[in-house]
Structures are given as C-alpha cells and as structure tokens.
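Scroll down for the structure; my scribbles are underneath it.
Protein chains: 2
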Amino acid sequence: MLTQTQTRFRETPAHHVSAVVRAAGVGSQMLFGCPELTGAAMAFERNAEVYGESETADYVYKVVSGAVRTYRVLSDGRRQISGFHLPGDVFGIEFGEEHSCSAEAITDSNILVVRRSLVFKVAERNSDVARQLWSLTATELRRSQQHALLLIKSAQERLAAFLLEMAARLPVKSAVELPMSRQDIADHLGLTIETVSRTLTQLAGSSVIELVASRRIVLRNRTTLSELNS
Amino acid sequence: MLTQTQTRFRETPAHHVSAVVRAAGVGSQMLFGCPELTGAAMAFERNAEVYGESETADYVYKVVSGAVRTYRVLSDGRRQISGFHLPGDVFGIEFGEEHSCSAEAITDSNILVVRRSLVFKVAERNSDVARQLWSLTATELRRSQQHALLLIKSAQERLAAFLLEMAARLPVKSAVELPMSRQDIADHLGLTIETVSRTLTQLAGSSVIELVASRRIVLRNRTTLSELNS
DNA sequence: CGTCTTCTTGAGCCACTTCAAGGTAAGTGG
DNA sequence: CCACTTACCTTGAAGTGGCTCAAGAAGACG
Numbered sequence: 527m528l529t530q531t532q533t534r535f536r537e538t539p540a541h542h543v544s545a546v547v548r549a550a551g552v553g554s555q556m557l558f559g560c561p562e563l564t565g566a567a568m569a570f571e572r573n574a575e576v577y578g579e580s581e582t583a584d585y586v587y588k589v590v591s592g593a594v595r596t597y598r599v600l601s602d603g604r605r606q607i608s609g610f611h612l613p614g615d616v617f618g619i620e621f622g623e624e625h626s627c628s629a630e631a632i633t634d635s636n637i638l639v640v641r642r643s644l645v646f647k648v649a650e651r652n653s654d655v656a657r658q659l660w661s662l663t664a665t666e667l668r669r670s671q672q673h674a675l676l677l678i679k680s681a682q683e684r685l686a687a688f689l690l691e692m693a694a695r696l697p698v699k700s701a702v703e704l705p706m707s708r709q710d711i712a713d714h715l716g717l718t719i720e721t722v723s724r725t726l727t728q729l730a731g732s733s734v735i736e737l738v739a740s741r742r743i744v745l746r747n748r749t750t751l752s753e754l755n756s
Numbered sequence: 527m528l529t530q531t532q533t534r535f536r537e538t539p540a541h542h543v544s545a546v547v548r549a550a551g552v553g554s555q556m557l558f559g560c561p562e563l564t565g566a567a568m569a570f571e572r573n574a575e576v577y578g579e580s581e582t583a584d585y586v587y588k589v590v591s592g593a594v595r596t597y598r599v600l601s602d603g604r605r606q607i608s609g610f611h612l613p614g615d616v617f618g619i620e621f622g623e624e625h626s627c628s629a630e631a632i633t634d635s636n637i638l639v640v641r642r643s644l645v646f647k648v649a650e651r652n653s654d655v656a657r658q659l660w661s662l663t664a665t666e667l668r669r670s671q672q673h674a675l676l677l678i679k680s681a682q683e684r685l686a687a688f689l690l691e692m693a694a695r696l697p698v699k700s701a702v703e704l705p706m707s708r709q710d711i712a713d714h715l716g717l718t719i720e721t722v723s724r725t726l727t728q729l730a731g732s733s734v735i736e737l738v739a740s741r742r743i744v745l746r747n748r749t750t751l752s753e754l755n756s
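Quick note, the sequences are listed as chains A and B, same order.
Quick note on the numbering used here: the first sequence kicks off at 527 and runs consecutively.
Quick note on the numbering used here: the second sequence kicks off at 527 and runs consecutively.
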C-alpha cells in the first residue's frame, strides 16, 4: 500500500552462515561482572549474521569491539533497525525462547557469547544476576519507547536525536565516528536514505554540524541539536 | 519545526488530583497470583490521572475494569500514547525509581494497587515473583518494538494492526467495543484524528470493517486486515 | 432542545518519498 | 601507481500521502 520507504531486502548477503566466526584467539571476559558467566570471544565479519529472527535464543551476547544492528524486516522488504549495539552493550537477551529480531555485525566485530541456559541457571541462585537480566530488559524497553517517540518527529528532529545519542554512546572524540551507513541510519529513523543525506547536508548548511567525512561528523552546536530534540 | 501532529496539550483536564479515587468498596485481588501481594482496589474517573511522568513509582497497578492509557508529551504539545491497558493488564512497573510515562484512566476504571516496595521485598525471596516482574517488562518490550514497527507503516496498515490487536485483547463480541476516542487512537498510531477517521471510513467503504457506531466496529474481513498488517 | 464534545468530510498544502543521475571513496588487479 | 570496479553518498525534479485549516454532522447530557 504505502510505498514510503527504507531498503527493500530481497536476498541476504553472501556470508549468512551465522558462524563465519573463526574463534578469536583473544582471552575471555565476564558478562555480568560474575566470574561464572565468562563469555567466549567470537569474531564476526562485517555484515555477518549473529542470529536470525525467531531462531531459538541459545546465547546472550556482549559487544567487545565493532557494532551490531538488530532489525526486523516486513513481508514487503521494508526494514526497521530497532537498535544499534556498541562496545559494552549486552544484546540478544530474551525472556521467551526465541529471538524477536535479527542481529548482524555492522563492522568487523568481536563479541562475547555465553549460553543462555547457563545465565538462567546462575540467575536462579544469584539474585543479583537475575536483577541484571531484568535491568537490561528494562533499559531496552526505555530505549524502545524513546525510539517510538522519535518516529513521530520530523526528519530534522530525528537526525538531531540520533546524532546526540551516538555522540553520547560512542567514545568521546572531536568528531562522532559513525560505524553505520546512511541506509542503516535511514532504516533506524524510519526515513529514506535520501532524506537522511539531505537533512545532514542541511544541518551542515546551518553549521549545526560539520561533515568532515560522510561518517565523521562534528557537532558544532549541541544546543540547537538539543532544542530540535524537544 | 514539524507541525505534523496529534493533540497539542496545553492544560490538563480538571480533575488531575492524582487521587480522585474514592476508595472502592469492592474486595481485593492478587496481582501476581501471590497472596502476599494483594492489591487495594481504587476507582478512577474518566480522564483522571493515575500517575505522572517522572513521578516516583510507588505503586504497581492492575486494571480490573475500564481502560488506561500511558503516554508522553513532547515540549511542543505533541502526545504519544505508548500503550493501552485493558482489564487484566499490569502496568506502571518500573525498574528505576520513577515512571517513564504518565497514565490516565480512559473510562471510569477500577484498578488494583500494590506498593512497589512490597512487590520488591517479596520478589527478593520469591524467585517466581521476580521472574514475573521480568516477564512483564519483557512483554512490554515486545509491545513497544511492535509499536515502533507499526509507526513506519501507512495509515491503513496502522489502523488494520490496531483493530486486530484490539479485537484480540478486548472481550470477544460480535463487534469490537473501543473504549478510546479517535484522538487517543491518533496519538497512539502517530496520525492525526482526521486521518484516523478518514481511513476508517475508507476501510468501511471497501467493507473490510463496518462502523456500527463510532466506537463499535465489526471486522468483516479479517483476512484483508491481516494482509494489511504485513 | 440547546450545549458540548466527538466525529466526519472537504480542499489545499507541504514534508518526505520516488525516480534518476552523478559524484566520491575504497579496494583490486595489472 | 594507476585504471577499473563497486559500494556508498549526494543532489535534483516531480509526485503524493497525510497534515492543516475549516466547517458541518452526530451523539451525549442535563
């Protein structure tokens, strides 16, 4: 009906084998500050699938380096990226048995992995871990609600919110270094790639931001961005 | 910037005293199937505030009868209704100390109330209750993600999804009996009241639905609605 | 039977989409 | 080191779905 839109996914990228995953030589780390829940490090190539929607959720994940997108695709190919996961973020936690989104590495990424059943077993005894599980779900809920709120705003407002969020979550540098493409941004913000590009150009025109390179953006005027963010 | 929009709330309705709440004579009931967590019944009038955004979350709520909307208002007055809560639904659970949304009764409603501190105390010992807390948050997360996905669709698709959801959640009758106004629907779906009205008329025109009365809608052709729902 | 609220309908407009090039950057093989 | 390729990004011109503004109809209530 509506033609408005986002990428239309037809086929999946070449490497969708869900574990291209040459086991990384790297050591391992804890997921919940709990020595029992020590994750195995895995490496995912750019665009490699971490898991698919409605696959059984066997693992819980934590980004060590790189970036991950979680998304859903509608029957007609429109894609919505529900969230971006950056170093330090835990993702893939489910209460139910299967994943509600698909997940892919945006860039080459290192990800810690722990068996979900193990996490649950520990959570049964260790109420602190149980609490963390709930906490993580609650945090994601807030993000999701914030995201929904974003989707009723104008293109400028969406981009302003997006840039401020990324600036806050990415390592602090003089410029924001975006790991994702314009298409990813568009599919996250519910816009087309053209509108994203045009709006950024426009913000640069009023020198609210500076486009050093397409994925290197300096926030020149955060006040204006915050005002746009309502 | 964008004028696109929803209601612009300027002032609040008359009765915003947060507890117009003549304690209902009705008995009490359990919130989590746990006798320790027995709620006190309270009655809220139509449009009465149950709690406000960023108020401290002292209670957890369960709808007995009536209906509740949870919403957020942007600085310029645009409102987004994040969810409708119908009889049987628990709402107002927060991991953090304050509410992330405001809540209002849509119609005169009876609502069970339990102190949050009590729920938490019980959850510490009773892992089943702890699990339910997580479960409820997880369910709400799924709803929120589904809601975000809805917001990238066309007006027809949004209405189709909305009607099917309401049909599924409301008591089964020949017609769907909506408790909420067109404005509420608009603010939930990210549309204007005019678009909601026009789209319903249009769906009735193609006899996918029948508008028995403005808030009494018969779903004549669920297949078509489901197809619209992607 | 007026008054108020809610809902519907119409006409014009605008932000964002669509379609269509063109430009830039990064990688690859010679 | 440079031609070639491919992926990504930007820009322009035209179309359109949903918004705005405006008015009227239908209920609900005292």
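All C-beta atoms, glycine included, are put in the ideal place defined by N, C-alpha and C.
The structure presented is a predicted model; accordingly, all values stated were derived computationally and were not measured.
In summary, B:E630 is buried, with 16 or more beta-carbon neighbours lying within 10 Å of its beta-carbon over all protein chains present. Listed along chain B, the residues sitting closer than 9 Å to A:G716 by beta-carbon distance are A674, L677, I678. DSSP links B:G592 through a beta bridge to no other residue. For B:E575, the enclosing beta strand (DSSP E) covers residues 575-577. Chain B has no Cβ within less than 7 Å of the Cβ of A:R684.
The residue among A:L726, A:F610, A:T596, A:R595 with its C-alpha nearest the C-alpha of A:R741 is A:L726. Residue contact with chain B for A:F558: absent (no Cβ-Cβ distance below 7 Å to any residue of chain B).
DSSP places B:S752 within a helical segment (H, G or I) once states are collapsed to three. Around the beta carbon of B:E624, fewer than 16 other beta carbons sit within 10 angstroms, so the residue counts as exposed. Of all alpha-carbon atoms in A:V722, A:T665, A:R748, A:T721, the one lying nearest the alpha-carbon of A:S733 is that of A:R748.
As the crow flies, the alpha-carbon of A:A693 is around 36 Å from that of B:V594.
Using a Cβ-Cβ cut-off of 7 Å, B:R746 does not count as an interface residue toward chain A, since no Cβ of chain A sits closer than that to its own.
Residue contact check for A:E623 against chain B: no CB pair falls below 7 Å. Annotation: Cβ neighbours of A:R604 in chain B (cutoff 7 Å, chain order): I678.
From the beta-carbon of A:R598, the residues of chain B found nearer than 7 Å are L675.
Counting C-beta pairs closer than 8 Å gives three or more between the region 595-615 of chain A and the region 670-677 of chain B, which meets the contact rule.
Listed along the chain, the chain B residues whose CB falls inside 7 Å of the CB of A:S608 are Q671, A674. Excluding the 5 residues flanking it on each side, A:L717 has same chain C-beta neighbours closer than 6 Å at A681, in chain order. For B:V586, the closest of B:T633, B:R708, B:T665, B:V645 by C-alpha to C-alpha distance is B:V645. Close CB contacts of B:E581 within its chain, under the 7 Å cut and outside five residues either way in sequence, are with E624, H625 (chain order). Within chain B, the residues placing a beta-carbon under 8 Å from that of A:E666 are L667, ordered along the chain. When C-beta atoms of the region 630-640 of chain B are compared with those of the region 572-581 of chain B, three or more pairs fall below 8 Å, so the two segments count as touching. By the criterion of a C-beta distance shorter than 8 Å, B:A687 is surrounded in its chain by L676, K679, L754, N755, once the five residues flanking it on both sides are discounted. Against chain B, the CB of A:S601 has a partner CB under 7 Å away; the residue lies at that interface. With respect to chain B, the C-beta atom of A:A629 has no partner C-beta closer than 7 Å. Shown in chain order are the members of the region 646-657 of chain B whose Cβ falls below 7 Å from a Cβ of chain A: E650, S653, A656.
The criterion of a C-beta distance shorter than 7 Å is not satisfied by B:F558 and A:A664. Assignment of B:L737 by DSSP, reduced to helix, strand and coil, places it in the strand class. The beta carbons of A:R746 and A:S723 sit no closer together than 7 Å. For the options B:G565, B:K588, B:G578, the alpha carbon positioned closest to that of B:L612 is the one of B:K588. One alpha carbon belongs to A:L685, the other to B:R695, and they sit about 35 Å apart.
Each residue's CA atom was taken as its position, placing B:A567 and B:Y577 some 16 Å apart. What A:T663 touches in chain B, judged by beta-carbon distance under 7 Å, is W660, T663, A664, L667, going in chain order. Annotation for B:F570: the continuous beta strand (DSSP E) segment containing it runs 564-570.
An exposed status is given to A:E720, since fewer than 16 other beta-carbon atoms sit within 10 Å of its beta-carbon.
Shown here for A:V702: same chain residues with a beta carbon closer than 8 Å to its own, the five before and five after excluded, namely L689, M692, A693, L696, R742, I743, V744, L745 in chain order.
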